[in-house]
Amino acid sequence: MIRRYAAAYRELIRLGLPILVSQVGVIIVGFADNIMVGHYSTDALAAASFVNNVFNVVMMGCMGFTYGLTPLAGALYSAGAAGRTGALTRLALKMNVLYTLVLSAVMTVLYFYLDRLGQPAHLLPLIRPYYLIVLASMLPVAVFNVMSQWSYAINNSRLPMWIILCANLVNIAGNYCLIYGHAGAPELGLTGAGLSSLAARILCPVAILAVFMLSRRYRAYSDGMRRTPSQRGDRRRLFRTSMPVSLQMMFETGAFSLTAIMVGWLGHIELAAFQICIIVGMLGFCVYYSLGAAISVKVANASSAAVGAHGLMRHYAWAGYHIMLVLMTASSLTFALGGRVLMGIFSDDAAVVALASSLIFPVILYQLGDATQITFANALRGTAHVQPMLWIAAFSYLVCGLPSSYLLCFTAGLRTYGVVLSFSVSLFVAASLFLYFFLRATRAMHDS
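Residues 1065 to 1512 in this note's numbering are what the sequence shown spells out, letter by letter.
Right under this line is the structure:
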């Protein structure tokens, strides 16, 4: 089997490794943010947990909307249509800016109702300014994500990697200065962490757009963005590949974020411990995501093959899943052997650390479901047959996941442990459905 898939393994690793390095950088910054905030105060960590989980819904929705570009641009890249790729990227930028502004307006309205979401009242003075800073970062994040998907689609995952790594350094340095008041900066606590992240998030789109427009290497694409007209039907095709993925990711993230609100009903200690658990669990997610992005690109590239496209698409998906299982095993072992150490570095509060450490087993339990659903959700995205993703997410995360969270947390009396345990329910349901519809989509291409 290794010999049969060797070439696909190499291609996926070559494309996915820079994305993995980027995600490791994101993990490091996430760890640094939460360690610095957690050691500043438990209340700051709890407030960050609430705001980040609320914004994760729309942030992931915006990210998912950018993903519609990948299969279309990937197929154009394989066909050598650089000008058309640039024109499609221009259209994607316009559509994503508009979409992000709409979601930003929704989050602005929500800001005026924060006091009605049942969170500890003493956290609201910390929550409100941090909320506004994260709100301001939505648009630059969306622009950078569009350009990253363009870069991934043309099989260049290194450009976003280097930009993210540089931005991470800015973020960490800003945290050090602005959270604690070092190097002559004011001590701003959680607000300082937000401002530092905002600066890094503005740097990313500025840098990638400058490279795109000024580099000779990408001149065919930038000329296409400036001069090539969009073709009839491009907007509709882009919307059809973008919106289902966006809503799928919003449903998935929304279910997890609503569980954070449930945990907030239990108290600020539980909310802080839950945030630590989520951040540590993101270690696995970010690793899986890097390979998932590579799988999507290679499946999209394979879709334009003149002969045997369906078989080649499946070949890349299964090769990616083999690598994904190795990554999942490594993540699970890391949590099993070093989970308590990881949990302990985020807070000086003994009660928070003890509760977070008790959640290691359910975190390990959902890794296989998470790795599998990421693999085949991205494989399905690469086929551009993304319409089923919407109802799969609604069924898996809202119909199955949320009731499981409530029942295990409150009815069964498992509290925070039950919430994390419920993640396995929704993730395994989603994994099974994404696999089924990927196989069905590729079978339909073969039959046609």
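Cβ atoms here follow ideal geometry from the backbone N, Cα and C, with glycine treated the same way.
- In this structure, I1387 keeps its C-beta atom at 8 Å or more from the C-beta atom of I1099.
- Judged by beta-carbon spacing, I1266 lies beyond the 8 Å limit of L1252, meaning their Cβ atoms are not closer than that value.
- In this structure, S1395 keeps its C-beta atom at 8 Å or more from the C-beta atom of M1407.
- In its own chain, leaving out the 5 sequence neighbours on each side, no residue places its CB closer than 6 Å to the CB of R1304.
- When C-beta atoms of the stretch 1080 to 1090 are compared with those of the stretch 1348 to 1359, three or more pairs fall below 8 Å, so the two segments count as touching.
- By the Cβ neighbour-count rule, V1344 is buried, with 16 or more other Cβ atoms within 10 Å of its own.
- Non-local beta-carbon contacts of A1151 in its own chain, meaning distances under 7 Å to residues more than five positions away in sequence, involve G1288, M1289, T1292, P1293 and S1294 in chain order.
- Between Y1385 and A1366, the C-beta gap is not smaller than 8 Å, which leaves the two residues out of contact.
- Close CB contacts of F1502 within its chain, under the 6 Å cut and outside five residues either way in sequence, are with F1440, A1443 and L1444 (chain order).
- DSSP, read as helix, strand or coil, puts V1450 in coil.
- Beta-carbon to beta-carbon, S1469 and V1483 are separated by about 5 Å, close enough to satisfy the 8 Å threshold.
- Here S1279 is exposed, its C-beta having fewer than 16 other C-beta atoms within 10 Å.
- Around the C-beta of F1425, fewer than 16 other C-beta atoms lie within 10 Å, and the residue is accordingly described as exposed.
- Runs of the alpha helix (DSSP H) lying entirely within the stretch 1273 to 1302, each at least 4 residues long, are 1283 to 1291 in chain order.
- Separation of S1105 and P1250 (C-alpha to C-alpha, rounded to the nearest whole angstrom) is 17 Å.
- Burial check for M1277: the Cβ neighbour count within 10 Å stays below 16, so the residue is exposed.
- Contact between the stretch 1485 to 1496 and the stretch 1305 to 1324 is established, with three or more Cβ pairs separated by less than 8 Å.
- Annotation for G1147: G1288 and T1292 place their beta carbon closer than 6 Å to its own, counting only its chain and skipping 5 residues before and after.
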